[in-house]
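Novice:
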Amino acid sequence: MASDASPVTVVASNPRFAALIQPGAQAQVLTADAQWAEGPLCLTDGRLIWSDVKANKVMSWKEHDGVTVWLDPAHYQNGHALDAEGRVIAASHGERAIVRQEADGQWRTVVDRYEGRRLNSPNDVVVDKRGGIWFSDPTFGVLNKAESYGGKPEQGGEYVYRYDPEQNHLVRLNTPGLHSPNGLAFSPDQSLLYVADSQLAHDFKNPKLAHSIRVYQVRDGALSNGKVFAEIAPGIPDGLKVDAQGNVWSSKEGIQVFSASGELLGKIKVTAKDTGNLAFCSTGSQHWIYITAANKVLRIPALVGGSRS
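Here the working numbering = 1-based position in the sequence shown + 648.
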């Protein structure tokens with residue numbers, strides 16, 4: 649069972665925010681024992697999983713079951729997604745790869761190299777309606793021995809990739825203006841891809857480094873017409889999600905929510921040191937936002953569900 653409620657401060661910048669989350673919402677603390685919680689994902693059986701990256705585990709929570717270990721060791725998995733068959737796709741810092749859990753429970757490496765060189769440390773991952781796997785590959789993980797097995801970056805930069813499982817083909821996407829890709833999310837119709845640029849995380853003392861969300865048009869598996877969608881301050885954007893109405897939800901300073909046009913609608917401030925990611929999960933007409941925030945995983949009732957893209 650979840651623990652006691654935790655206060656939430658809902659700060660509305662636009663009256664439309666009241667249609668997304670109730671002003672008096674409370675957060676349930678599912679755990680406060682993580683070392684660094686990330687990559688939340690709701691499974692088809694109603695279970696929530698998340699990466700406790702620095703503990704090298706993936707944890708699980710389900711109503712009436714509480715928190716249990718789902719995968720140990722997890723090879724420093726970070727972001728998670730589901731494919732059309734309901735299989736878990738994970739971005740693995742430790743394996744420097746995108747990996748997939750098969751029906752028998754075993755994990756298989758989907759892709760770990762581009763042009764013969766090892767990937768950096770895949771961070772976040774999304775799957776499109778055709779089965780394509782899109783992922784970010786910054787160097788944050790491989791350069792941090794608390795979040796990986798360590799190593800040397802081989803790609804000469806930080807990029808976004810798309811992998812086609814049917815063709816077994818990996819493409820490095822053209823993303824001018826993007827420095828350090830992190831969280832990824834599609835618009836509901838998958839015509840747009842939002843990408844967190846977390847360059848500032850490499851040196852928080854240098855305010856000239858990027859800390860923004862960029863948006864790209866998606867067509868035929870390629871990206872074009874990239875531009876800054878929103879600047880995130882304080883801190884950096886990390887995990888991103890899009891709701892069913894097309895609003896963009898970004899971690900850092902709690903959760904910041906933007907309309908599809910980039911207007912700040914409001915913020916959800918939680919009692920946690922930092923927020924890394926979030927996930928939408930729904931049971932019937934009941935919608936929930938799960939937030940991974942440093943040592944905590946929180947659950948907040950919402951008035952809108954996530955995009956089905």
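Glycine is no exception: its CB is placed at the ideal position from the N, C-alpha and C atoms.
1. Using CA atoms only, rank isn't needed, just tell me which of A870, S872, E911 and D891 is closest to E879.
2. Could you check the C-alpha separation between P688 and N925 for me, to the nearest Å?
3. Which two residues bound the contiguous beta strand (DSSP E) that contains W709?
4. Are the CB atoms of D886 and S846 within a distance shorter than 8 angstroms?
5. Just verifying my parser: in three-state terms, what is the DSSP assignment at A650?
6. By DSSP, does L912 sit in helix, in strand, or in coil?
7. Can you have a look at K853 and say buried or exposed, based on whether 16 or more other CB atoms are within 10 angstroms of its CB?
8. Which residue wins for smallest C-alpha separation from Q893, given the options K900, L946, G932 and V952?
9. On the DSSP bridge assignment, give the partners of K793 in chain order.
10. If we require 3 or more residues per run, which beta strand (DSSP E) segments fall completely within the segment 767-835?
11. With three or more C-beta pairs closer than 8 angstroms as the rule, is the segment 695-708 touching the segment 894-908?
12. CB Y811 to CB V759, shorter than 8 angstroms?
13. If the criterion is Cβ atoms closer than 8 angstroms, does the pair E806 and P770 meet it?
14. At the level of alpha carbons, what is the spacing between D785 and Y809?
15. Which word fits S839, buried or exposed, when buried means at least 16 other C-beta atoms lie within 10 angstroms of its C-beta?
Specialist: Based on what the coordinates show:
1. Taking the sequence shown and counting its residues from 1, one reaches residue 879 at position 231. Among A870, S872, E911 and D891, the Cα nearest to that of E879 belongs to E911.
2. The count along the sequence shown starts at 1 and reaches residue 688 at position 40. The count along the sequence shown starts at 1 and reaches residue 925 at position 277. Distance between the alpha carbons of P688 and N925 is about 7 angstroms.
3. As a first step, residue 709 must be located in the sequence shown, where it is residue number 61. Run containing W709: K705 to K710, per the beta strand (DSSP E) assignment.
4. Within the sequence shown, numbered from 1, the residue matching residue 846 stands at position 198. Within the sequence shown, numbered from 1, the residue matching residue 886 stands at position 238. Yes, these two residues count as a Cβ contact at 8 angstroms.
5. The residue given as residue 650 occupies position 2 in the sequence shown. Bear in mind that the predicted position of A650 carries a pLDDT of just 48, short of 50, making it unreliable; the figure below should be weighed with that in mind. Reduced to three states, the DSSP call for A650 is coil.
6. In the sequence shown, the residue the question calls residue 912 occupies position 264. Of the three classes helix, strand and coil, the one that applies to L912 here is strand, per DSSP.
7. Here residue 853 refers to the residue found at position 205 of the sequence shown. With fewer than 16 other Cβ atoms within 10 Å, it is exposed.
8. Taking the sequence shown and counting its residues from 1, one reaches residue 893 at position 245. If we check each option's Cα against that of Q893, V952 comes out closest.
9. In the sequence shown, residue 793 corresponds to position 145, counting from 1. Answer by DSSP bridge pairing: none, since K793 is not bridged.
10. 773-775, 781-785, 807-812, 817-820 and 829-834
11. no
12. Counting from one through the sequence shown, the residue named residue 811 turns up at place 163. Counting from one through the sequence shown, the residue named residue 759 turns up at place 111. Yes, Cβ-Cβ distance for Y811 and V759 is below 8 angstroms.
13. Locating residue 806 in the sequence shown gives position 158, counting from the first residue. Locating residue 770 in the sequence shown gives position 122, counting from the first residue. It is not a contact, given that the beta carbons lie outside the stated cut-off.
14. Within the sequence shown, residue 785 is the residue found at index 137, counting from 1. Within the sequence shown, residue 809 is the residue found at index 161, counting from 1. Their Cα atoms are separated by approximately 8 angstroms.
15. Here residue 839 refers to the residue found at position 191 when the sequence shown is read from its first residue. S839 is exposed by the Cβ-count criterion.
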